[in-house]
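Residue numbers (this note's numbering): 10 to 177.
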């Protein structure tokens with residue numbers, strides 16, 4: 010019929026079924042997107058934690074290795090202390106040894122190596138190694154009364170315990 014127009018949907022019109030299908034697809038895409046974002050954030054957090062753990066382990070290994078090296082140098086420090094304790098007054102050579110000792114001790118302190126405080130402290134098996142016990146009327150039992158060999162800490166870790174004499 011010539012005068013009758015047929016209703017033909019335009020290219021821009023969509024049916025309710027197509028709209029529902031597209032809405033469903035969009036919701037699925039949004040869900041997938043959120044899953045991918047969550048997975049990315051988890052991976053990023055895991056990597057950050059891994060990097061921190063590796064840095065911490067690396068730092069601990071470095072501290073342990075440097076501590077072992079410094080531990081090997083402690084007998085040299087002991088020898089310098091004995092040389093200074095037995096020097097003759099006014100001897101230029103002995104004054105030079107004392108300068109070397111002070112420089113060496115300064116380097117150790119900058120690296121975090123400090124002597125263990127022992128005299129007058131209660132005996133602590135974590136810090137002290139008791140070599141002798143002696144009766145003492147001046148000190149209570151269990152108090153360190155003499156240091157026979159100085160002990161050292163490296164960043165709160167015992168490099169070498171102090172060899173001590175303890176009051177009985």
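For every residue, glycine included, the Cβ atom is placed at its ideal position computed from N, Cα and C.
Straight-line Cα distance separating residue j from residue i
i: residue 57; j: residue 133; result: 40 Å
i: residue 176; j: residue 61; result: 47 Å
i: residue 10; j: residue 25; result: Only weak support exists for where residue 10 lies, its pLDDT of 49 falling under 50; the coordinates are left without a value.
i: residue 155; j: residue 131; result: 12 Å
i: residue 39; j: residue 64; result: 37 Å
i: residue 36; j: residue 54; result: 27 Å
i: residue 42; j: residue 32; result: 15 Å
i: residue 144; j: residue 113; result: 37 Å
i: residue 77; j: residue 119; result: 16 Å
Exposure of residue i, with buried meaning 16 or more beta-carbon neighbours within 10 Å
i: residue 127; result: buried
i: residue 50; result: exposed
i: residue 129; result: exposed
i: residue 153; result: buried
i: residue 85; result: exposed
i: residue 79; result: buried
Residue i in three-state terms, based on DSSP
i: residue 136; result: coil
i: residue 169; result: strand
i: residue 164; result: coil
i: residue 34; result: helix
i: residue 143; result: strand
i: residue 155; result: strand
i: residue 10; result: Caution applies to residue 10, whose pLDDT of 49 falls short of 50 and renders its modelled position unreliable; the value that the coordinates give is listed next. In the structure shown, residue 10 sits in coil (DSSP, three-state: anything other than H, G, I, E or B).
i: residue 25; result: helix
Proximity test, residue i beta-carbon vs the ligand MG heavy atom, cut-off 7 Å
i: residue 60; result: Summarising the ligand content, the structure contains no ligands, and the ligand MG is consequently not present.
Cβ neighbours of residue i in the same chain (closer than 7 Å, five flanking residues each side left out)
i: residue 170; result: 136, 137, 138, 160
i: residue 121; result: 163, 164
6 Å CB neighbourhood of residue i in its chain, flanking five on each side removed
i: residue 96; result: 103
i: residue 123; result: 162
Own chain, CB closer than 8 Å to residue i, minus 5 neighbours either side, in chain order
i: residue 125; result: 136, 137, 159, 160, 161, 162, 167, 170, 171
May I have a chain-ordered list of the beta strand (DSSP E) segments no shorter than 3 residues that lie completely inside the segment 53 to 136? Listed in chain order, they are 122 to 124.
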